[in-house]
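Following: one structure in structure tokens, then a few remarks.
Residue numbers (this note's numbering), protein chains in the order written: chain L, 41 to 433; chain P, -8 to 283.
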């Protein structure tokens, strides 16, 4: 029997990792990730979870220890945030290139400087190219469910890649919500233990994480690329199976809302998506055909599906909780590239907000839709929710 | 005591490589059921070029700074998977251990995860072209401490890695030299029997970087011990034990002058090296002495 408990996003994720029976956990503390590893440490100490908890001395070592454990065939978990993610950055490409299906929770947090413990998406989006599958969730329930689904995705034979599941710092990691926690038998039926041929085995010694020269290096990377793209289909299959077993599902890489006849569609990642759907409802009451798209998976990027979903829109906006300094928001760049490949000439607008934990209000979202309807703003990138006028030169 | 089987062969190390000898001997002691990790460095660069793999045992490359952490992961993973009868081994160079990898090594020892960490010390970043590391000795010319006319090359002393490691209260640590291979092999054996983390710092000459003939590796690796410039010792049960105390030190000048990397040093520089050696021996007089 499942039970409903009032818990935070971090704790929900920890419950998901417990249910997924991660055998090795290596983690280094960083706000706002800490609760997930504290809960897991408690579960291990109390004997609720049969796992080895490695107290590493840095995020770099967290990821390297996770790689070592995963290489022997163990289901492995780690978690980080912001500077911690950046500190382990070189290890991320080791783990993805070596095809180690580690799951990591990242509590999205601004990157220094200026120093901030609050949320935006610059940490994970700056590492889109590191070869990991990247998922963004919207609430604590989805956090738990995706902690479990992430292993099914990561360990699928056609993928065998690490998965980073992103939770908005504080907004998701520290907000308490009622969460349905499935029982162990249910999750065991969904997710059996990891069973892989691709491991270090004393009975069959191998060399892993090898050097490859120019004569084959590109081919190895093409295999990696294709494996990543496979996740676009596999996430749907994984979710179908999860829905059948638990009664709860999320679909694939995109979550769409009222997009079928929408004139104006606003795209986002993570926790802000719920507020956008609320505003779309409000605008619909006024007779404006508004819609919303939440991108659940940024890598692999659901290009073809996005092209189909956006096809009939008059204008498309993106709320980016990030900025690639000197250009534009990274989600916007990705959306525009997809539209270009879809031969679409729909006007697009980039709304950058929520930087360093700044709140994005319903009024801000209304303003975004109004800008799309009126053809504003003049500049392709508009900062929303700013409190100080930009009067610098 | 050591196997006739080879576990490290077909690699591309230079002739006379002391590091590859240390790896070969260590694996002969530990055997085929060894889970080995190596970071970037000579011993991975010469052995992991797909599809020409050079290890008969399981082996995996670590990020440069990650050897100690991968060892912990291998151990935790092996336990989780229920493996039996195996060794976890990390082999890294002087830069990979005393510089970029010292944090992960410290973490490994702090956790006391069972595994053997071997630092093969060729006294500079040889794989990248002979740059100074924290274990480059005073007076060596490297490509980043070039001995310009009138200069001394590297002016910093070698980090005291053995005692830094021992200061963690590690279960077992030792120094060794490929010049005394039986001693090294015995220490690997001893390390493999320790419950917890063990560490061996083995001096391993590099003919390419040191400017010696490829046939001189063993001789030079013995001479560095016989001159007292390198000491053979162990640390266990919270105490230091000196393994070998030469009745009389061999001529330092001969050791220095036979190596290209020290060619620029004058008699005063050599006296400086001797004074530094004597200071070290005064300090290690406090170790438990051989035969006592």
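The beta carbon of each residue, even a glycine, is placed where N, CA and C say it ideally should be. Every value quoted in this text rests on a predicted model; they were computed, and no experiment measured them.
Taking a contact as a CB-CB distance under 8 Å, the pair residue 354 of chain L and residue 279 of chain L does not count as one, their CB atoms being some 31 Å apart. At a cut-off of 8 Å, the C-beta of residue 150 of chain L has no neighbouring C-beta in chain P. A distance below 8 Å between beta-carbons, with the five flanking residues on each side excluded, links residue 46 of chain L to the following residues of its chain, in chain order: 216, 217, 218, 219. Using a Cβ distance threshold of 8 Å, residue 250 of chain L and residue 39 of chain P count as a contacting pair.
Put simply, of P:43, P:32, P:1, P:-4 the residue whose alpha carbon is nearest the alpha carbon of residue 17 of chain P is P:-4. Put simply, of P:245, P:231, P:250 the residue whose alpha carbon is nearest the alpha carbon of residue 274 of chain P is P:231. For residue 71 of chain L, the CB contacts under 6 Å within the same chain, skipping 5 residues up- and downstream, are 157 in chain order.
Contact of residue 256 of chain L with chain P by beta-carbon distance below 8 Å involves 41. Identification of chain L residues near residue 250 of chain P by a Cβ-Cβ cut-off of 9 Å yields none; the smallest Cβ-Cβ distance measures about 31 Å. Contiguous beta strand (DSSP E) elements confined to the stretch 88 to 127 of chain P occur at 106 to 112, taking only those with 3 or more residues.
Its chain contains 178, 179 as the residues whose beta carbon lies nearer than 8 Å to that of residue 314 of chain L, once the 5 sequence neighbours on both sides are disregarded; these appear in chain order. Relative to residue 403 of chain L, the option among L:316, L:334, L:339 whose CA is nearest is L:316. Looking at the backbone, the Cα of residue 225 of chain L and that of residue 282 of chain L are separated by about 13 Å. If you look at residue 389 of chain L, you'll find it in the beta strand (DSSP E) that goes 388 to 392. The straight-line gap separating the alpha-carbon atoms of residue 112 of chain L and residue 66 of chain L is approximately 15 Å. According to DSSP, residue pairing for residue 84 of chain P in a beta bridge involves P:111. Under the DSSP assignment, residue 190 of chain L falls outside any beta strand (DSSP E), being part of the alpha helix (DSSP H) whose first and last residues are 180 to 195.
In this structure the stretch 104 to 123 of chain L touches the stretch 230 to 239 of chain L; the number of beta carbon pairs closer than 8 Å is three or more.
The Cβ atoms of residue 359 of chain L and residue 384 of chain L lie no closer than 8 Å to each other.
In the structure shown, residue 334 of chain L adopts extended strand secondary structure according to DSSP, grouped into three states.
In this structure, DSSP gives residue 83 of chain L a helical state, which the three-state scheme calls helix. The alpha-carbon separation between residue 96 of chain L and residue 319 of chain L amounts to approximately 44 Å.
When beta bridges are read from the DSSP output, residue 295 of chain L appears opposite L:334.
Within chain L, the residues whose beta carbon sits less than 7 Å from that of residue 70 of chain P are 92, listed in sequence order. Following the DSSP letters along the chain, one finds residue 343 of chain L inside the alpha helix (DSSP H) bounded by residues 343 to 350. Interface criterion not met: the Cβ of residue 193 of chain L is under 8 Å from no Cβ in chain P. A contact is defined here as three or more CB-CB pairs under 8 Å, and the stretch 79 to 93 of chain P fails this definition with respect to the stretch 117 to 135 of chain L. Boundaries of the beta strand (DSSP E) harbouring residue 174 of chain L: 173 to 176, taken from the DSSP string.
Annotated as proximal: residue 159 of chain P and residue 101 of chain P, with beta-carbon spacing under 8 Å.
In this chain, the alpha helix (DSSP H) harbouring residue 266 of chain P covers 258 to 275.
Between the beta-carbon of residue 280 of chain P and that of residue 233 of chain P there is about 6 Å, and that keeps the pair under the 8 Å contact cut. Contact between the stretch 117 to 134 of chain P and the stretch 173 to 184 of chain P is absent: fewer than 3 CB-CB pairs across the two stretches fall below 8 Å. Close partners of residue 118 of chain P in chain L (Cβ separation under 9 Å) are lacking, with about 12 Å as the shortest Cβ gap. Following the DSSP letters along the chain, one finds residue 218 of chain L inside the beta strand (DSSP E) bounded by residues 216 to 221. Boundaries of the alpha helix (DSSP H) harbouring residue 208 of chain P: 208 to 217, taken from the DSSP string. Counting only the Cα atoms, residue 309 of chain L lies some 20 Å from residue 274 of chain L.
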